[in-house]
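Residue numbering for the sequence shown follows our numbering, beginning at 303 and increasing consecutively.
Built from N, CA and C at the ideal position, the CB exists for glycine as well.
Here is the structure we will look at.
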Amino acid sequence: MMDFFNSVIAFFQTGGIFMYPILVVFALGTAVAIERYIRLVYERSTNRATWEKVQPVLNTGDFDRARNLVKDDNTGVGRLLAMGLERQGAVRRREDIEIAMEESIMESIPQLEKRTPYVALGSNIATLLGLLGTIMGLIEAFTAVANANPAEKADLLSASISVAMNTTAFGLMVGIALLIVHALLNSLTGQIVDSLEMVSVKALNIMSSGTRRRSDAAKEEKVAEPKSGKPVNRDVQQTQQAQKKTASATEEVTKPESA
303 MMDFFNSVIA FFQTGGIFMY PILVVFALGT AVAIERYIRL VYERSTNRAT WEKVQPVLNT
363 GDFDRARNLV KDDNTGVGRL LAMGLERQGA VRRREDIEIA MEESIMESIP QLEKRTPYVA
423 LGSNIATLLG LLGTIMGLIE AFTAVANANP AEKADLLSAS ISVAMNTTAF GLMVGIALLI
483 VHALLNSLTG QIVDSLEMVS VKALNIMSSG TRRRSDAAKE EKVAEPKSGK PVNRDVQQTQ
543 QAQKKTASAT EEVTKPESA
């Protein structure tokens, strides 16, 4: 283990001055990646908890209680449902509710993607710094051997090139690591956005079906007796009307015969 650390330290020390900027870029990229990962994991867990809390209330059709549950909720799902339920209580049109939820998702996406591009930027900068360090090292190497003893030129040149290549190797290692982390963060962000869209569709369907049931119930209540307020059986009503028409037609037919 000690030999490994000693080799790493020797590799870093022989890489030249450009090893230090690459190390700074790696530290900054790692810090941003850790902060973003913690934030995204927290957002995913809180969104799931909010949806599991509100979904049973929505299924019962108690939209007023659902509004109270998400009124002060600052999670992505909470803000999404709050905007949808607010519009549902005001207009009850599916298109308006859908537009409100899409607006909430559009507001949440920049917060989820914030600072993530810096990780990819750090990957590119580390790779370019490694190449730049190698070029500068080769320039110094050729300048140093220009006035050296011809017998020592080959040894000096090979040693200088070996040192210069350490910068490129370190830059590539940092660049590849940050690029992989950036891909993982993008994948996690995409999962959260997909979950928000899924919650939006499910909540919209529940609200639409609940509004439709209430509308049908209101129509049924209007079909009632004016005095008693009891519902009227449509089949019985139609039968009575047909019997009245038959009786009136019979009376008209029998009147001439009696005359």
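Starting from the C-beta of residue i, find all residues in its chain whose C-beta is less than 7 Å away, skip the five residues before and the five after it, and write them out in chain order.
i: residue 389; result: 398, 399 and 402
i: residue 505; result: 360, 383 and 386
i: residue 355; result: 371
i: residue 411; result: 495
i: residue 305; result: none
By DSSP, does residue i sit in helix, in strand, or in coil?
i: residue 417; result: coil
i: residue 376; result: coil
i: residue 318; result: coil
i: residue 364; result: coil
i: residue 395; result: coil
i: residue 349; result: helix
i: residue 468; result: helix
i: residue 507; result: helix
i: residue 488; result: helix
i: residue 451; result: coil
Who are the near neighbours of residue i in its chain, counting only those whose CB is closer than 8 Å to its CB and skipping five residues on each side?
i: residue 499; result: 407
Tell me which same chain residues have a C-beta within less than 6 Å of the C-beta of residue i, skipping the five on either side of it?
i: residue 530; result: Summary for residue 530: the model assigns pLDDT 47, below 50, so the residue's position carries little reliability, and this model does not support an answer.
Cβ contact check for the segment 460-470 and the segment 340-349: 3 or more pairs under 8 Å: Contact between the segment 460-470 and the segment 340-349 is absent, because fewer than three Cβ pairs lie under 8 Å.
Touching by the beta-carbon criterion (3+ pairs, under 8 Å), the segment 480-487 and the segment 433-442: no
Three or more C-beta pairs below 8 Å linking the segment 322-338 and the segment 412-423: Proximity of the segment 322-338 to the segment 412-423 meets the contact definition, three or more beta-carbon pairs being nearer than 8 Å.
Stretch-stretch touch, CB-based, cutoff 8 Å, three pairs: the segment 319-332 with the segment 468-485: yes
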